[in-house]
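Participant:
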Amino acid sequence: MTELTSLQGQTPLSAPPLGPLPHDSHVLAGINRILQEALRASTEEELGQLCLAVAEDLTGAAFSFFGERGGSDDRLDHIAISERGWAAYTGNDPHFVKRELPGGMKIHGIFGQVILQDRSMIVNDPANHPDRVGTPDGHPALRNFLGVPLRRDGETFAMFALGNHPTGFTERERAIAEELAPAIVQALLRKRAEVASRASQRRLLSLIEGIPQLVWTATQGGHWTWASPQWVEMTGLSVEQSLGHGWLAAVHPDDRDAARRFWEGAGERGNLAMEGRLRHVQTGRYRWFKTRATPVRDDHGTIVEWFGTSTDIDALRRLRERQETLVAELQHRVRNILTIIRSIFTRTVDSGGPIDEIADHFRGRLDSLARTQLVATQSRSGRVDLENLIRDELLGVGAIEDDRLSIQGPDVSLPADTAETMGLAIHELTTNALKYGALRHPAGRLSIAWAIELKSNSKCELIVKWDETGVPAMPVPPVRHGFGTELIREALPYGLGARTRLEFRGGGVLCVITIPWIADDAAPLNRSTEG
Amino acid sequence: MNRRSPLADKRILVVEDEYFIARDLERALQAADAIVVGPVATLEQGLDLAESQTLDAAVLDVDLAGERAFEIADRLSARDVPWAFLTGYDEWALPAPYRSASIVAKPFQPDRIIRAIGALIPDKGCA
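Line by line, the protein sequences give chains A and B.
FYI, the numbering for the first sequence is 33 to 563, going by the numbering used here.
FYI, the numbering for the second sequence is 500 to 626, going by the numbering used here.
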């Protein structure tokens, strides 16, 4: 107390008596105003101005401010300056002219003592006060001062101060200001809690409405109580239409039983999950969703409602299905080709001959299959260019295109299964020509030509003609009873519905393969002369 | 003394689009004294034979040049003709109603096919 009494012109906190009781009807009306209007204020500053206006009215002060300790504790941030305070400002500091509240003010001077000494304070002779630091340019001259600390949980976190009472502040004004202080604190904190709660609700709502899931709440048994905008947008069902069991209308008829069963046993189990289809209103298509529900429990652990999300897994499911199809196709193809290779091997061995020759034949056939497979799997369409198929085969045995060898025809791409058998046929013809025919004899000539012809019944045929000339007649044409002959005469007609002609003439082999052809627009057509 | 083959004189339909596989099946069945109906390569031909021929059993390739042989299987079942799939597909890749069918996996050994088809045909011989 000794140091306090040494402060000039100041009445000590403990000084009795309080004079006229502040609990008069005016003060109570002021407190009511503060508490009632606080929540209506749209900003903290507006709330602060309201509190200051009440304080000015009740105490007769000319102006006032309301400030709070900043984050660093030794600074003061303004919450509000009263309307009269702004009006009294005469300087031209652009910040004050624009009514920008000063922040980060050092806690010092006369007002600073309210916080530093943690008590209310009347200073009626500020010009001679030892802590005086002066006022900013344009601030009305300070004739007297009443400052009151604002406490939260017993700690001073803010203050408000009144200035320039016409005759100086007395214990009466101090009592009024101290009476207002708890109401001001309560109003400010209530306002802050309300703002925080609204911000948190907004955050939660924007989270719920911003996530890509359809969100809903339900009570036991799948009785919906709320649905998010995503649900409404996806299904076209309004919230009202979806409530109760209305949501079932968006579920695929085949999945409705599963959706109802989903809720059976919801009492015991904690979390529910199912996959089902929901109708997408814009496209009319059903999309797959994974639906999960989590119980919300009260303090006793009883389930009070369910919080559910439905996640679009349509693309994922289709991808999974596509992957399964691809794996199945791959397995099928691999096993099929192994079966064919096994069969070709048996046949090659059955035709007899020295082991070297059998090995050569088998290797040649395997290479031919491998080449076709490679080309077919490398192209996106899975089709094989006929000319490349023929050239690869002939190039593989070292034949060169010169005046004795002609390869001619339009661009034709064969489906993989056709290419496989055609490749083998070309291989057998080439092997034969190399061993006994046009590719062995210097005088031999080979012409390979093909065309697509439109028949009179508007169906198309691919006709491939292998024509050897100039080959000396052979006593026994070796290909006649072998694998190659069977392939051309039987395998091509069997699988591809082809008609084939294989002749061992004097001068060389003539082979004509005619395959039914499904024309695509890109394939060039030669009109049949017979038509 | 040769034991009589369980497939002797049985009429077996073969539907398989790959020539070499079809011929191997034909040979294996003929070696077991069966009478081969077909082989044919297409769904259309298969359906035709499944309806017009007297049959004791059938071997069906699932994939017939891009078409599925399920329709043939259904027609055969309607006539109480037992059948087995010959396929490179795993069971899971088949539609649900056919997963429990008799399936011979490719690549196959001829005696496995004979055993599988023999198992389909009710044994009417004397013990």
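Ideal placement from N, C-alpha and C gives every residue a C-beta, glycine not left out.
Every value quoted in this text rests on a predicted model; they were computed, and no experiment measured them.
With a threshold of 6 Å on Cβ separation, who are the neighbours of H161 of chain A within its own chain once the five nearest residues in sequence on each side are excluded?
Facilitator: Translated into the one-based positions of the first sequence, residue 161 of chain A becomes position 129. Closer than 6 Å at Cβ, skipping near neighbours: I142, V155.
Participant: Flag V511 of chain A as yes if its beta-carbon sits less than 8 Å from any beta-carbon of chain B, otherwise no.
Facilitator: Position 479 of the first sequence, counting from 1, holds the residue named residue 511 of chain A. Summary for V511 of chain A: the model assigns pLDDT 49, below 50, so the residue's position carries little reliability; its value from the coordinates is reported in the next sentence. It does not; no Cβ of chain B falls within 8 Å.
Participant: Using C-beta distances below 8 Å, list every residue in its chain close to C625 of chain B, excluding the 5 sequence neighbours before and after it, in chain order.
Facilitator: Position 126 of the second sequence, counting from 1, holds the residue named residue 625 of chain B. For C625 of chain B, the predicted structure reports a pLDDT of 40, less than 50, and the residue's modelled location is therefore unreliable. A value from the coordinates is still provided. So the list is empty, once near-sequence residues are dropped.
Participant: DSSP three-state label for F201 of chain A, please.
Facilitator: Walking along the first sequence from the start, residue 201 of chain A turns up at place 169. DSSP places F201 of chain A in coil when its eight states are reduced to three.
Participant: Taking L578 of chain B as the reference, give the member of B:V561, B:S601, B:T541, B:A557 with the closest Cα.
Facilitator: Indexing the second sequence from 1 puts residue 578 of chain B at position 79. Per the sequence shown, residue 578 of chain B should be read as Arg rather than Leu. Of the candidates B:V561, B:S601, B:T541, B:A557, the one whose C-alpha sits nearest the C-alpha of R578 of chain B is B:A557.
Participant: With a threshold of 8 Å between beta-carbons, can T546 of chain A be considered close to chain B, or not?
Facilitator: Locating residue 546 of chain A in the first sequence gives position 514, counting from the first residue. Chain B, which has no Cβ nearer than 8 Å to the Cβ of T546 of chain A, makes this no.
Participant: Given this structure, state the Cα-to-Cα distance separating F519 of chain B from I243 of chain A, to the nearest angstrom.
Facilitator: The residue given as residue 519 of chain B occupies position 20 in the second sequence. The residue given as residue 243 of chain A occupies position 211 in the first sequence. The alpha-carbon atoms of F519 of chain B and I243 of chain A are separated by roughly 58 Å.
Participant: Under DSSP, the beta strand (DSSP E) around E100 of chain A begins and ends at which residues?
Facilitator: In the first sequence, the residue the question calls residue 100 of chain A occupies position 68. From DSSP, the beta strand (DSSP E) with E100 of chain A extends over 95-101.
Participant: So A523 of chain A contacts chain B; which residues on that side make the cut at Cβ distance below 8 Å?
Facilitator: Numbered from its first residue, the first sequence carries residue 523 of chain A at position 491. Under the 8 Å cutoff, chain B gives Y518, F519.
Participant: Kindly indicate which three-state DSSP category V511 of chain A falls into: helix, strand or coil?
Facilitator: Residue 511 of chain A sits at position 479 when you count from the first residue of the first sequence. Only weak support is given to the placement of V511 of chain A: the predicted model assigns it a pLDDT of 49, under 50, and the value that follows is read from those uncertain coordinates. V511 of chain A: helix per DSSP, three-state reduction.
Participant: For the pair the region 441-452 of chain A and the region 384-396 of chain A, tell me if three or more CB-CB distances fall below 8 Å.
Facilitator: No, because fewer than three Cβ pairs between the region 441-452 of chain A and the region 384-396 of chain A fall closer than 8 Å, the two stretches do not touch.
Participant: Which stretch, first to last residue, makes up the beta strand (DSSP E) that contains L486 of chain A?
Facilitator: Reading the first sequence from its first residue, position 454 is the one you call residue 486 of chain A. Looking at the DSSP string, the run of the beta strand (DSSP E) that includes L486 of chain A is 477-486.
Participant: Which two residues bound the contiguous alpha helix (DSSP H) that contains D547 of chain B?
Facilitator: For the purposes of this step, residue 547 of chain B is taken as the residue at position 48 of the second sequence. From DSSP, the alpha helix (DSSP H) with D547 of chain B extends over 542-551.
Participant: Does the beta-carbon of D424 of chain A have 16 or more other beta-carbons within 10 angstroms, so that it is buried, or is it exposed?
Facilitator: Counted from its first residue, the first sequence places residue 424 of chain A at position 392. Looking at its Cβ environment, which holds 16 or more other Cβ atoms inside 10 Å, D424 of chain A is buried.
Participant: Quick one: is Q363 of chain A near chain B, going by C-beta distance under 8 Å?
Facilitator: Along the first sequence, one-based indexing puts residue 363 of chain A at 331. Yes, Q363 of chain A counts as interfacial toward chain B.
Participant: Take V429 of chain A and list the residues in its own chain whose beta-carbon comes closer than 8 Å to its own, dropping the five residues that flank it on each side.
Facilitator: Position 397 of the first sequence, counting from 1, holds the residue named residue 429 of chain A. The residues are T462, T463, L466, L471.
Participant: Checking 8 Å against the spacing of the C-beta atoms, do A583 of chain B and I602 of chain B come in under that value?
Facilitator: Locating residue 583 of chain B in the second sequence gives position 84, where the first residue counts as 1. Locating residue 602 of chain B in the second sequence gives position 103, where the first residue counts as 1. Yes, these two residues count as a Cβ contact at 8 Å.
Participant: Determine the direct distance from the alpha carbon of K509 of chain B to that of S576 of chain B, and round the result to whole angstroms.
Facilitator: Residue 576 of chain B sits at position 77 when you count from the first residue of the second sequence. Residue 509 of chain B sits at position 10 when you count from the first residue of the second sequence. So the alpha carbons of these two residues sit roughly 17 Å apart.
Participant: What are the start and end residues of the beta strand (DSSP E) that includes R317 of chain A?
Facilitator: As a working mapping, residue 317 of chain A is identified with position 285 in the first sequence. That residue, R317 of chain A, is in no beta strand (DSSP E); it is neither H nor E in DSSP.
Participant: With a cut-off of 8 Å, do at least 3 Cβ pairs link the region 88-96 of chain A to the region 182-202 of chain A?
Facilitator: Touching, per the Cβ criterion.
Participant: Going by C-alpha to C-alpha distance, which of A:I550, A:L456, A:D499 sits closest to F515 of chain A?
Facilitator: Reading the first sequence from its first residue, position 483 is the one you call residue 515 of chain A. The shortest Cα separation from F515 of chain A among A:I550, A:L456, A:D499 belongs to A:L456.
Participant: For the alpha helix (DSSP H) holding T380 of chain A, just list the boundary residues, first then last.
Facilitator: For this step, residue 380 of chain A is matched to residue 348 along the first sequence. Where T380 of chain A is concerned, the enclosing alpha helix (DSSP H) stretches over 346-382.
Participant: So within the region 94-178 of chain A, which uninterrupted alpha helix (DSSP H) runs reach at least 4 residues, ignoring any that extend past its ends?
Facilitator: If we require 4 residues or more, the alpha helix (DSSP H) runs fully inside the region 94-178 of chain A come out as 115-120, 126-129, 141-148.
Participant: Using C-beta distances below 7 Å, list every residue in its chain close to E210 of chain A, excluding the 5 sequence neighbours before and after it, in chain order.
Facilitator: The sequence position of residue 210 of chain A within the first sequence is 178, counting from 1. Excluding sequence neighbours, E210 of chain A sits near S152, V180.
Participant: Between L60 of chain A and P134 of chain A, what straight-line distance do the alpha-carbon atoms span, to the nearest angstrom?
Facilitator: Position 28 of the first sequence, counted from the start, is the residue given in the question as residue 60 of chain A. Position 102 of the first sequence, counted from the start, is the residue given in the question as residue 134 of chain A. In a straight line, the C-alpha of L60 of chain A is about 31 Å away from that of P134 of chain A.
Participant: Going by DSSP, name the residue or residues bridged to F543 of chain A.
Facilitator: As a first step, residue 543 of chain A is located in the first sequence; it is residue number 511 there, counting from the start. Looking at the sequence itself, residue 543 of chain A is Cys, so the reference to Phe does not match. BP columns for C543 of chain A point to A:W498, A:L534.
Participant: Buried or exposed: where does T251 of chain A fall if 16 or more other Cβ atoms within 10 Å of its Cβ makes it buried?
Facilitator: For the purposes of this step, residue 251 of chain A is taken as the residue at position 219 of the first sequence. Exposed.
Participant: Please state whether the Cβ-Cβ distance between W338 of chain A and T249 of chain A is less than 8 Å.
Facilitator: Translated into positions along the first sequence, residue 338 of chain A becomes position 306. Translated into positions along the first sequence, residue 249 of chain A becomes position 217. It is a contact, given that the beta carbons lie within the stated cut-off.
Participant: With DSSP collapsed to three states, give me the class of H393 of chain A.
Facilitator: Sequence index remark: in the first sequence, residue 393 of chain A carries index 361 (1-based). Here H393 of chain A sits in helix by DSSP.
Participant: Counting contacts by CB-CB distance shorter than 8 Å, is T458 of chain A in contact with chain B?
Facilitator: Within the first sequence, the letter at position 426 stands for residue 458 of chain A. Note that residue 458 of chain A is Ile in the sequence shown, not Thr. Judged by the 8 Å Cβ criterion, I458 of chain A is not in contact with chain B.
Participant: Starting from D417 of chain A, follow its DSSP beta bridges and name the residues at the other end.
Facilitator: Walking along the first sequence from the start, residue 417 of chain A turns up at place 385. Bridge partners of D417 of chain A: A:S445.
Participant: At a Cβ threshold of 8 Å, is R415 of chain A touching chain B?
Facilitator: Start at 1 with the first residue of the first sequence, and residue 415 of chain A comes out as number 383. Not one chain B Cβ lies under 8 Å of R415 of chain A.
Participant: Could you work out which residue in B:R503, B:F607, B:L512 is closest to G559 of chain B when comparing CA atoms only?
Facilitator: The residue given as residue 559 of chain B occupies position 60 in the second sequence. It is Leu, not Gly, that sits at residue 559 of chain B in the sequence shown. It is B:L512 whose Cα lies nearest to the Cα of L559 of chain B.
Participant: Under the rule that 16 or more other beta-carbon atoms within 10 Å means buried, what is S260 of chain A, buried or exposed?
Facilitator: Against the first sequence, residue 260 of chain A aligns to sequence position 228. Answer is buried; the Cβ neighbour count reaches 16.
Participant: How many angstroms separate the CA atom of L174 of chain A from the CA atom of R164 of chain A?
Facilitator: In the first sequence, the residue the question calls residue 174 of chain A occupies position 142. In the first sequence, the residue the question calls residue 164 of chain A occupies position 132. Approximately 11 Å between the Cα atoms of the pair.
Participant: Report all residues from its chain with a CB closer than 7 Å to the CB of A431 of chain A; omit the five preceding and five following residues, and keep chain order.
Facilitator: Taking the first residue of the first sequence as position 1, residue 431 of chain A is located at position 399. Around A431 of chain A: L437, L471.
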